[in-house]
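Only one structure is covered here, and it is reproduced in the block below.
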Amino acid sequence: MATCDLKNPNYTFNYCPSLGAAILFTVLYAIAVAGHLFLAYMYRKPFCWVLIMGGTWELISILTRVVLIYSPYNQSLSNVSFVFLVLAPLWINAFDYMVLGRMIYYFLPDHKVLGLRAERVAVFFITSDITSFLIQLCGALFAIRKNATSTTQGLHLYTAGVCIQEAVIIIFFVFSIVFQRRLPSAAGSSEATKLAYILYASLGLITYRIIFRIVEFSAGAKSSIHRAINDNEWYVYVFDEAPMFLALVVFLIYHPGRALKGPGSEFPKLTKEQKVERKEEKKRIKEERKLQRGGHGHISNDSNDIGLVDTDVEAR
Numbered sequence: 142m143a144t145c146d147l148k149n150p151n152y153t154f155n156y157c158p159s160l161g162a163a164i165l166f167t168v169l170y171a172i173a174v175a176g177h178l179f180l181a182y183m184y185r186k187p188f189c190w191v192l193i194m195g196g197t198w199e200l201i202s203i204l205t206r207v208v209l210i211y212s213p214y215n216q217s218l219s220n221v222s223f224v225f226l227v228l229a230p231l232w233i234n235a236f237d238y239m240v241l242g243r244m245i246y247y248f249l250p251d252h253k254v255l256g257l258r259a260e261r262v263a264v265f266f267i268t269s270d271i272t273s274f275l276i277q278l279c280g281a282l283f284a285i286r287k288n289a290t291s292t293t294q295g296l297h298l299y300t301a302g303v304c305i306q307e308a309v310i311i312i313f314f315v316f317s318i319v320f321q322r323r324l325p326s327a328a329g330s331s332e333a334t335k336l337a338y339i340l341y342a343s344l345g346l347i348t349y350r351i352i353f354r355i356v357e358f359s360a361g362a363k364s365s366i367h368r369a370i371n372d373n374e375w376y377v378y379v380f381d382e383a384p385m386f387l388a389l390v391v392f393l394i395y396h397p398g399r400a401l402k403g404p405g406s407e408f409p410k411l412t413k414e415q416k417v418e419r420k421e422e423k424k425r426i427k428e429e430r431k432l433q434r435g436g437h438g439h440i441s442n443d444s445n446d447i448g449l450v451d452t453d454v455e456a457r
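In our numbering, the protein residues as written are 142 to 457.
In structure tokens form, the structure reads like this:
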């Protein structure tokens with residue numbers, strides 16, 4: 142391992158990093174990813190690839206950190222570790238949204254919460270997560286530039302992204318609570334409740350981490366808070382690595398596959414013919430609306446009776 146050369150301006154750390162801690166979390170994340178690969182196969186849940194991707198990104202980040210400790214002057218490795226570290230939680234966040242969508246479809250007779258069908262609930266939250274992901278990605282890429290102005294702009298942009306992420310999480314909690322209140326007193330409701338609590342735990346850990354990032358980055362790169370965090374390694378493990386590892390562990394303790402069983406636990410897949418029919422039906426309604434706006438009489442709005450977008454894309 143390289144010596145701790147804090148006086149060298151090219152040294153990527155502001156402290157003497159712990160190789161033991163980095164190796165420990167590398168092993169922990171590797172075990173978590175392997176466990177989720179096994180459970181996804183055992184329960185036949187292909188959509189779990191999203192959670193596995195989140196764990197893999199965390200693993201890449203910490204593994205790169207181990208290599209960086211041996212090569213502490215390699216700025217490219219430092220950038221890779223940082224980008225994967227700050228973006229990995231969004232995969233886990235997206236998985237939470239996908240699970241709730243399937244729970245609504247599986248456990249509620251009308252497949253709806255707050256008037257929205259399960260598929261639309263999933264699409265809304267996944268789209269919001271992707272938007273947040275893109276904003277945070279842009280912020281992270283700006284933040285790793287050597288230019289001080291770009292770094293500050295990147296941190297502010299990233300902070301805006303995590304604020305959006307947290308706002309969507311709050312909305313998600315509302316949907317989850319309404320879902321729980323509407324659960325029928327029937328077989329399977331206890332499993333749904335258990336899985337809902339797992340979602341709360343996962344999102345609670347993500348929120349814990351988001352608050353840390355907002356506090357760190359909102360003050361700017363030159364703030365005393367940002368400098369204090371950069372100068373002490375334990376912040377990374379206590380407020381980032383540990384909570385995200387636990388967010389993976391809770392799904393190992395109670396996997397969605399234990400509650401979501403059978404063909405009804407997945408969104409229905411449309412055949413090619415059904416997709417064509419749906420496209421033609423939407424086209425017909427669009428034309429009728431044009432006629433309506435042109436003063437050709439009132440036409441009832443039956444678009445709500447038409448199926449939703451093919452959410453199989455969201456599930457993959």
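For each residue, glycine too, the CB sits at the ideal point set by N, CA and C.
- If you draw a straight line from the Cα of asparagine 288 to the Cα of glutamine 216, it comes to about 14 Å.
- Within the DSSP bridge table, the entry for lysine 253 names Arg258 as partners.
- Counting along the chain, cysteine 304 sits inside the alpha helix (DSSP H) bounded by residues 289 to 322.
- In this structure, the alpha-carbon of cysteine 145 lies about 5 Å from that of cysteine 157.
- In this structure, valine 254 places its C-beta atom within 7 Å of the C-beta atom of phenylalanine 316.
- In this structure leucine 160 is exposed. Its beta-carbon is surrounded by fewer than 16 other beta-carbon atoms within 10 angstroms.
- Less than 7 Å divides the Cβ of leucine 209 from the Cβ of serine 219.
- Taking C-beta atoms under 8 Å as the contact rule, aspartate 381 and leucine 226 qualify, at a distance of about 6 Å.
- In terms of CA proximity to arginine 258, Met244 leads the group Arg354, Met244 and Ile233.
- Here DSSP, grouped into helix, strand and coil, assigns lysine 363 to coil.
- Each residue's CA atom was taken as its position, placing proline 397 and phenylalanine 223 some 30 Å apart.
- Boundaries of the alpha helix (DSSP H) around leucine 200: 190 to 211.
- Distance between phenylalanine 154 and alanine 284, taken at the CA atoms: about 16 Å.
- Isoleucine 267 sits buried, since 16 or more C-beta atoms from the chains shown fall within 10 Å of its C-beta.
- Counting other Cβ atoms within 10 Å of its Cβ, tyrosine 214 stays below 16 and is therefore classed as exposed.
- DSSP, read as helix, strand or coil, puts leucine 340 in helix.
- By the CB criterion at 7 Å, glycine 196 and valine 174 fall inside the cutoff.
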